[in-house]
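J.: So the sequence lines, in the order shown, correspond to chains A and B. Start counting the first sequence at 659; every next residue gets the next number (our numbering). Start counting the second sequence at 659; every next residue gets the next number (our numbering). We put the beta carbon where it would ideally sit given N, CA and C, even for glycine.
2 protein chains.
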Amino acid sequence: MDVSATITQYAKMLENLDRWLEMGIAFAEKKKVAPDVLAQSRLAPDQYELTRQVQSACDAAKYAAAYLSGQTAPSHPDTEKTIAELRARLATCVKYLRSIPATQYAGAAERRVAPAWLGGKWMRGDHYLVQISIPNFYFHVTTAYAILRHNGVELGKLDYVGAMPPLNDA
Amino acid sequence: MDVSATITQYAKMLENLDRWLEMGIAFAEKKKVAPDVLAQSRLAPDQYELTRQVQSACDAAKYAAAYLSGQTAPSHPDTEKTIAELRARLATCVKYLRSIPATQYAGAAERRVAPAWLGGKWMRGDHYLVQISIPNFYFHVTTAYAILRHNGVELGKLDYVGAMPPLNDA
């Protein structure tokens, strides 16, 4: 397993999330409600709504790619108000993730990762990826899925997983 | 990043999940409801309830450890009915995950992984880990968290993440 494969997988999950949002729009049209009711939905009153879950999933992916490839993350301000805008944000993030060549992650395991929230301290790149980035990324992706599912959008596990890896005959 | 670090992280997340269940029991006692009301809760009528989310998280972790270390997975039947029983299942699974030495995962990336649901086909170990196991494991862990959160258990993001990796001074 290498870092590049994980970032490629993040891009795939964000593309899956884009399809769930598309299904959310179709569901809202069928129910004759504004699709952006979904954008404001949440599972608990003090939990992030769908909009911030999508923004947070994008940021978790973007910062992992930037920190582990030794780049400064591009700025993607959290200005989205509609599902259409969230889909554009996902496309921007996926394009960034796919722009980084695998070779750029050489030595990522030993890189010093020092996000601002660590207050000047740092952690190893491999610890950051496995213990912080991956749990956090999937937290926001799955919560976005759960918010849509809870509101009645007909998502299933296959929509979550998306395309299968290459299969080989025995 | 290596496979062993991912399996160690799975064990940590299952220990976090155990604490959320403990908080769920305390919450139910305070609310004077049977804790096992939570065990039967779900976010959508055709979604797995908390019990099956916990069982599925355990199985995702167990099968990854077994397939990628070249072992046959131990049998852990889905017989749990109560939160106390789910906590015992988590402990059994964590004990298994922690029993496998890191050296046992040598060559895991190239291993042929052939779960029964692939109907005789196989995928590479690294594809299985990154594209199937990790998304699936975090799906069930996060959905378990979301079900508890939605029911009012006072969980926050720090409970989700758990203990931080080692931090170093700059």
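Taking Cβ to Cβ, would you say Met671/A is nearer than 7 Å to Val819/A?
T.: The residue you call residue 671/A lines up with position 13 of the first sequence. The residue you call residue 819/A lines up with position 161 of the first sequence. Contact: no.
J.: Using the C-alpha atoms, what's the distance from Leu755/B back to Ala731/B?
T.: The residue given as residue 731/B occupies position 73 in the second sequence. The residue given as residue 755/B occupies position 97 in the second sequence. Distance from the CA atom of Ala731/B to the CA atom of Leu755/B, rounded to whole angstroms, is 11 Å.
J.: Using DSSP with H/G/I as helix, E/B as strand and the rest coil, what is Arg770/B?
T.: Walking along the second sequence from the start, residue 770/B turns up at place 112. Reduced to three states, the DSSP call for Arg770/B is strand.
J.: Between the segment 765 to 784 of chain B and the segment 803 to 819 of chain A, are three or more C-beta pairs nearer than 8 Å?
T.: Counting Cβ pairs under 8 Å, fewer than three are found: no touch.
J.: Return the residue from the list Gln729/A, Gln762/A, Ser727/A, Glu707/A that minimises the CA-CA distance to Asp736/A.
T.: Residue numbering aside, residue 736/A sits at position 78 when the first sequence is read from its first letter. In terms of Cα proximity to Asp736/A, the closest of Gln729/A, Gln762/A, Ser727/A, Glu707/A is Glu707/A.
J.: Would Asn809/A be called buried (16 or more neighbouring beta carbons within 10 Å of its own) or exposed?
T.: Residue 809/A sits at position 151 when you count from the first residue of the first sequence. Burial call: buried.
J.: Determine whether the beta carbon atoms of Val752/B and Ala669/B lie at a separation below 7 Å.
T.: Here the question's residue 752/B lines up with position 94 in the second sequence. Here the question's residue 669/B lines up with position 11 in the second sequence. Taking 7 Å as the Cβ cut-off, Val752/B and Ala669/B qualify as a contacting pair.
J.: Provide the residue(s) that pair with Asn794/B in DSSP beta bridges, ordered along the chain.
T.: To locate residue 794/B, count along the second sequence from 1; it is residue 136. Asn794/B is not bridged to any residue.
J.: Can at least three beta-carbon pairs, one atom from the segment 790 to 805 of chain B and one from the segment 707 to 727 of chain B, be found at a separation below 8 Å?
T.: yes
J.: Please list the residues of the segment 772 to 786 of chain B that have a C-beta atom closer than 8 Å to any C-beta atom in chain D, keeping them in chain order.
T.: The chain inventory of the structure shown lacks chain D, comprising the protein chains A and B.
J.: So which residues of chain A does Ala804/B contact, with C-beta pairs closer than 7 Å?
T.: For the purposes of this step, residue 804/B is taken as the residue at position 146 of the second sequence. Those are Leu701, Thr801, Ala804, listed as they occur along chain A.
J.: Output yes if chain B places a C-beta closer than 7 Å to the C-beta of Tyr706/A; else output no.
T.: Taking the first sequence and counting its residues from 1, one reaches residue 706/A at position 48. It does not; no Cβ of chain B falls within 7 Å.
J.: Could you say which of Leu825/A, Ala821/A, Ala804/A lies nearest to Ala702/A if we only look at CA atoms?
T.: Mapped onto the first sequence, residue 702/A falls at position 44. When each option's Cα is compared against that of Ala702/A, the closest is Ala804/A.
J.: If I'm right that Thr801/B touches Gln698/B with Cβ under 8 Å, what's the distance once you round it to whole angstroms?
T.: Position 143 of the second sequence, counted from the first residue, corresponds to residue 801/B. Position 40 of the second sequence, counted from the first residue, corresponds to residue 698/B. That belief does not hold up - the Cβ atoms of Thr801/B and Gln698/B are roughly 14 Å apart, past 8 Å.
J.: Can you give the Cα-Cα distance for Ala723/A and Ile758/A, rounded to whole angstroms?
T.: By 1-based counting over the first sequence, the position of residue 723/A is 65. By 1-based counting over the first sequence, the position of residue 758/A is 100. So the alpha carbons of these two residues sit roughly 8 Å apart.
J.: Run the CB neighbour count on Ala715/A, radius 10 Å, all protein chains shown included, and call it buried at 16 or more, exposed below.
T.: Numbered from 1 along the first sequence, position 57 holds the residue referred to as residue 715/A. Counting Cβ neighbours within 10 Å, Ala715/A comes out buried, since at least 16 surround it.
J.: Is Lys739/B near the ligand ATP, in the sense that its beta carbon is under 6 Å from a heavy atom of that ligand?
T.: The model depicted lacks the ligand ATP and carries no ligand whatsoever.
J.: Look at Tyr763/B and Val661/B and say whether their C-beta atoms are less than 7 Å apart.
T.: For this step, residue 763/B is matched to residue 105 along the second sequence. For this step, residue 661/B is matched to residue 3 along the second sequence. A contact, by the Cβ cut-off of 7 Å.
J.: On the DSSP bridge assignment, give the partners of Arg782/A in chain order.
T.: If you number the first sequence from 1, residue 782/A lands on position 124. Residue pairing by DSSP places Arg782/A opposite Arg770/A in a beta bridge.
J.: Mind listing, in chain order, the continuous alpha helix (DSSP H) runs of no fewer than 4 residues lying wholly within the segment 732 to 767 of chain B?
T.: 741 to 756
J.: Short check: CB of Leu726/A to CB of Gly765/A, under 7 Å?
T.: For the purposes of this step, residue 726/A is taken as the residue at position 68 of the first sequence. For the purposes of this step, residue 765/A is taken as the residue at position 107 of the first sequence. No, Cβ-Cβ distance for Leu726/A and Gly765/A is not below 7 Å.
J.: For chain B, is any of its Cβ atoms less than 7 Å away from the one on Ala663/A?
T.: Translated into the one-based positions of the first sequence, residue 663/A becomes position 5. It does; some Cβ of chain B falls within 7 Å.
J.: Name the chain A residues that come within less than 9 Å of Ala828/B, Cβ to Cβ?
T.: As a working note, residue 828/B is residue 170 in the second sequence. Simply Arg770, Ala772, Gly778, Lys779, Trp780.
J.: Any beta carbon from chain A within less than 7 Å of Leu825/B's own beta carbon?
T.: Here residue 825/B corresponds to residue number 167 of the second sequence, with the count starting at 1. For Leu825/B, the answer is yes, since a Cβ of chain A falls inside 7 Å of its Cβ.
J.: Can you check the segment 689 to 739 of chain A for any beta strand (DSSP E) of at least 3 residues that lies completely inside it and give the ranges in chain order?
T.: none
J.: Among residues of its own chain, excluding the 5 on either side of Phe685/B, which ones have a beta-carbon nearer than 6 Å to its beta-carbon?
T.: In the second sequence, the residue the question calls residue 685/B occupies position 27. Counting only Cβ-Cβ distances below 6 Å, and skipping sequence neighbours, we find Val811.
J.: How many Å lie between Asp817/A and Ala692/A at the Cα?
T.: As a working note, residue 817/A is residue 159 in the first sequence. As a working note, residue 692/A is residue 34 in the first sequence. Taken atom to atom, the span from the alpha-carbon of Asp817/A to that of Ala692/A is near 23 Å.
J.: Rounded to the nearest angstrom, what separates Gln729/B and Gln667/B at their Cα positions?
T.: In the second sequence, residue 729/B corresponds to position 71, counting from 1. In the second sequence, residue 667/B corresponds to position 9, counting from 1. Approximately 19 Å, taken between the alpha carbons.
J.: Taking DSSP's pairing of strands, which residues face Asn826/A in a bridge?
T.: Position 168 of the first sequence, counting from 1, holds the residue named residue 826/A. Asn826/A is bridged to Trp780/B.
J.: For Tyr786/A and Lys779/A, I'd like the C-alpha separation in whole angstroms.
T.: Residue mapping note: residue 786/A aligns to position 128 of the first sequence, counting from 1. Residue mapping note: residue 779/A aligns to position 121 of the first sequence, counting from 1. Roughly 12 Å separates the two Cα atoms.
J.: For Asn674/B, does the count of other Cβ atoms within 10 angstroms reach 16, so buried, or fall short, so exposed?
T.: Along the second sequence, one-based indexing puts residue 674/B at 16. Asn674/B is buried by the Cβ-count criterion.
J.: In this structure, does DSSP put Glu680/B in helix, strand or coil?
T.: In the second sequence, counting from the first residue as 1, residue 680/B sits at position 22. Looking at Glu680/B - three-state DSSP - the assignment turns out to be helix.
J.: Pop quiz: Gln705/A and Arg807/B are said to be a contact at Cβ under 8 Å. What is the actual Cβ separation, rounded to whole angstroms?
T.: Here the question's residue 705/A lines up with position 47 in the first sequence. Here the question's residue 807/B lines up with position 149 in the second sequence. Correct: roughly 6 Å between the Cβ atoms.
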